[in-house]
DNA sequence: CCAAAAGTGTTTACTGTACACCCATGC
DNA sequence: GCATGGGTGTACAGTAAACACTTTTGG
């Protein structure tokens, strides 16, 4: 950070200029995405304190002295889910003066992708938390609706250009699940044959000899995402995932 | 922002929880892009106070109580350039604990696009400021190199999907200038005919009867970006600028 | 035997890319 | 008359999109 140019440009050279500035509270808010069966969902909590007690809200937390923002977010998510290696992306920093009527708080929004089938995940640790279909989420407090909209749009862009969908799926998944996920993220139907052809052309999945018999009588082959192969392709051949 | 789930989950319901948190200093740092003749440039300042006095740095400033981050950035840029309607995008928030060895400061990086030919712009108001070719910029203090790299990559992505190039050009420009700009942003040569065909297919420029005679003997037609037409196309026809 | 989902290729349209010559002018 | 940058169109290749029928098997 470089010293501000003050109106009269005369502050250069001061050594203790920090003291003159206004400290603020810095928080993170998390848009938590999960994929359950056929639908993309977000996790919300019912606010249990004023202002706006009883309304739905993103989950958040304050930055502490001894951590950076990624760590704040990880901490908040671990307290909520018990998982400590959740996929995160910083989204945007919200600073409207009156965004929180109670106090000036600047909030850095993150979004997180959770595999709700992760064996180590045993449900949410907070009673007031609830998963909502992405299209059926209630109104949220403060500027949280805005955050969710931006997160959805960012997830869409990102999902088209990086293989992040696999963060939301169980380790083994069917092509149908993968397609349902992408249709849910992109908000539109995809052609089954074109989708599968495209995915297969990437050559980053491993087809197992195992079938998921839970949906159809015929059963559907299971696949796993070969992350090592993907990384190797990116590095060696300049491969770019582009759906 | 939603209250943090504390380790023992027992803080819900407190009304004065804000007091328990650690306030921090929040700053902005600006990556200022300009386009001069044939090259994309960034504006840097020589730091005039410790630590790292004499080294090159981005220009920055602290968030004040009565403004949001966009306003902080606009204020800093206006003090530096005299311009008050500079194009801005928030980039990323940097929070490494020891990113500034002197004090804990979280910095929100913005990038700005400046038309250095704007008639209202009369050069930089600070002696220590200097334009650098984007590829010949010196090493910067703290994490500013990282910020610049991210800004360059973000500008690249953005320039491919939004008509932001025009923010860097004078109102009237030649096709060659536009192409030079894009080549500079994208870091690669483009085919002249393909480039012009593509741009013309968008139908968002107006060709003037006026020529720029300053470069060639033949002279090159001048164009202006028709922002209204562009906006109308976006709204009515769902037009998407995609280079 | 039938319902329900899985699996599988080809054709067509479009978009991106490569490519070379003449034009206008000032000196 | 020549050097310099300006202006223009076509052919080919590769990618995206549309499209329908057969297979499997539990009930």
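Protein chains in written order, with full-length UniProt numbering: chain R, 1 to 243; chain G, 1 to 243.
For each residue, glycine too, the CB sits at the ideal point set by N, CA and C.
Keep in mind that this is a model prediction, so the values were computed, not measured.
Inset, instruction - With distances taken Cα to Cα, identify the nearest neighbour of residue 171(G) among 111(G), 226(G), 234(G), 125(G). - result: Each of 111(G), 226(G), 234(G), 125(G) was checked against the Cα of residue 171(G), and the nearest Cα belongs to 226(G).
Inset, instruction - Indicate the three-state DSSP secondary structure (helix, strand or coil) for residue 80(G) in the structure shown. - result: The answer is helix: DSSP assigns residue 80(G) an H, G or I state.
Legend entry - Positions along the region 89 to 105 of chain R whose CB lies within less than 9 Å of some CB in chain G: Listed by position along the chain: 90, 92, 93, 94, 95, 96, 97, 99, 100, 102, 103, 104, 105.
Inset, instruction - Determine the DSSP secondary structure at residue 233(R), reduced to helix, strand or coil. - result: In the structure shown, residue 233(R) sits in a helix (DSSP, three-state: H, G or I).
Legend entry - Boundaries (first-last residue) of the alpha helix (DSSP H) holding residue 148(G): For residue 148(G), the enclosing alpha helix (DSSP H) begins and ends at 144 to 161.
Inset, instruction - Go ahead and label residue 199(G) buried or exposed: buried means 16 or more other beta carbons lie within 10 angstroms of its beta carbon, across all protein chains shown. - result: Residue 199(G) counts as buried, since no fewer than 16 other beta carbons sit within 10 angstroms of its beta carbon.
Legend entry - Residues, ordered as in the chain, of the region 16 to 36 of chain G that lie near chain R by beta-carbon distance below 9 Å: Taking a C-beta cut-off of 9 Å against chain R, the contacting residues of the region 16 to 36 of chain G are 17, 18, 20, 21, 22, 23, 24, 25, 26, 27, 28, 29, 30, listed in chain order.
Inset, instruction - Let me know if residue 60(R) comes out buried or exposed under the rule of 16 or more other beta-carbons within 10 Å of its beta-carbon. - result: By the neighbour-count rule (16 or more Cβ atoms within 10 Å), residue 60(R) is buried.
Inset, instruction - For residue 68(G), return the contacting residues in chain R, with the cut-off set at a CB-CB distance below 7 Å. - result: Result: 95, 96, 97.
Legend entry - Nearest candidate by alpha-carbon position, reference residue 56(R), set 142(R), 67(R), 151(R): The shortest Cα separation from residue 56(R) among 142(R), 67(R), 151(R) belongs to 142(R).
Legend entry - With 16 other Cβ atoms within 10 Å as the buried cut-off, status of residue 100(G): Result: buried.
Legend entry - Cα-Cα separation, residue 12(R) to residue 95(R): Confidence is the limiting factor: at residue 12(R) the pLDDT is only 38, short of 50, which leaves the residue's position unreliable and the question unanswerable from this model.
Legend entry - Nearest-angstrom Cβ-Cβ length linking residue 33(G) and residue 160(G), presumed shorter than 8 Å: Not confirmed; about 15 Å, so no contact.
Inset, instruction - Count the CB pairs spanning the region 103 to 123 of chain R and the region 24 to 32 of chain R that are closer than 8 Å, and state whether there are at least three. - result: They touch, by the three-pair rule.
Inset, instruction - Flag this pair as touching only if the region 228 to 239 of chain R and the region 203 to 211 of chain R have three or more C-beta atom pairs under 8 Å; answer yes or no. - result: With the rule of 3 Cβ pairs closer than 8 Å, the region 228 to 239 of chain R counts as touching the region 203 to 211 of chain R.
Inset, instruction - State the Cα-Cα distance for the pair residue 80(R) and residue 177(R), rounded to the nearest angstrom. - result: Their backbone Cα atoms lie some 26 Å apart in a straight line.
Inset, instruction - Select from the region 178 to 210 of chain G all residues with a C-beta closer than 9 Å to any C-beta belonging to chain R, and list them in chain order. - result: Hits within the stretch: zero.
Inset, instruction - Check whether the Cβ of residue 108(G) lies closer than 8 Å to any Cβ atom in chain R. - result: Interface residue, yes.
Legend entry - Complete runs of the beta strand (DSSP E) confined to the UniProt domain "Nudix hydrolase" (23 to 156) of chain R [at least 3 residues]: Counting only runs of 3+ residues, the beta strand (DSSP E) found wholly inside the UniProt domain "Nudix hydrolase" (23 to 156) of chain R occupies 25 to 36, 39 to 46, 59 to 62, 87 to 94, 105 to 114, 129 to 133, in chain order.
Inset, instruction - Using a Cβ cut-off of 8 Å (strictly closer), state whether residue 136(G) contacts chain R. - result: At a cut-off of 8 Å between C-beta atoms, residue 136(G) does not count as an interface residue with respect to chain R.
Inset, instruction - Check whether the region 39 to 57 of chain R touches the region 131 to 139 of chain R, taking contact to mean three or more Cβ pairs, one atom from each stretch, closer than 8 Å. - result: Output reads yes: the region 131 to 139 of chain R touches the region 39 to 57 of chain R.
Inset, instruction - Flag residue 155(R) as yes if its beta-carbon sits less than 8 Å from any beta-carbon of chain G, otherwise no. - result: Chain G contact via Cβ: absent.
Legend entry - Buried versus exposed call for residue 47(G) [16 or more other C-beta atoms within 10 Å across all chains shown]: So residue 47(G) counts as buried.
Inset, instruction - Please decide whether residue 13(G) counts as near chain R, where near means a Cβ-Cβ distance under 8 Å. - result: Reliability of the predicted coordinates at residue 13(G) is poor, the pLDDT of 37 falling under 50, and the value obtained from them is presented with this limitation in mind. Yes - at least one Cβ of chain R is within 8 Å of the one on residue 13(G).
Inset, instruction - Using three-state DSSP, classify residue 190(R) as helix, strand or coil. - result: Note: residue 190(R) maps to coil in three-state DSSP.
Legend entry - Candidates 75(G), 146(G), 35(G): closest to residue 116(G) by CA position: For the residues 75(G), 146(G), 35(G), the minimum Cα distance to residue 116(G) belongs to 35(G).
Legend entry - Residue-level contact to chain R via CB, residue 63(G), 8 Å cutoff: Yes, residue 63(G) lies at the interface with chain R (some Cβ there is under 8 Å from its Cβ).
Legend entry - residue 209(R): first and last residue of the uninterrupted beta strand (DSSP E) it sits in: Residues 205 to 212.
Inset, instruction - Within its chain, find whatever has a CB closer than 7 Å to the CB of residue 54(R); leave out the 5 residues flanking it on each side and keep chain order. - result: Around residue 54(R), the same chain offers 46, 47 as residues with beta carbons nearer than 7 Å, after the five sequence neighbours per side are excluded.
Inset, instruction - Would you mind reading off the limits of the beta strand (DSSP E) that contains residue 224(R)? - result: Where residue 224(R) is concerned, the enclosing beta strand (DSSP E) starts and stops at 220 to 225.
Inset, instruction - Given a cut-off of 8 Å, decide if residue 241(R) and residue 162(R) are closer than it, judged by their beta-carbon atoms. - result: Their beta carbons are under 8 Å apart, which means residue 162(R) touches residue 241(R) by this criterion.
Legend entry - Helix, strand or coil at residue 195(R) according to DSSP, with G and I counted as helix: Helix at residue 195(R).
Inset, instruction - State the beta-bridge partners of residue 173(R) as determined by DSSP. - result: Residue pairing from DSSP places residue 173(R) in a beta bridge opposite 223(R).
Inset, instruction - State buried or exposed for residue 7(R), treating a residue as buried only when at least 16 other CB atoms are found within 10 Å of its CB. - result: Note that residue 7(R) has pLDDT 42, beneath the 50 cutoff, so the model's placement of it is unreliable and the number below is only indicative. Classification of residue 7(R): exposed, given that the 10 Å Cβ count is below 16.
Legend entry - Three-state secondary structure assigned by DSSP to residue 21(G): The answer is coil: DSSP assigns residue 21(G) none of H, G, I, E or B.
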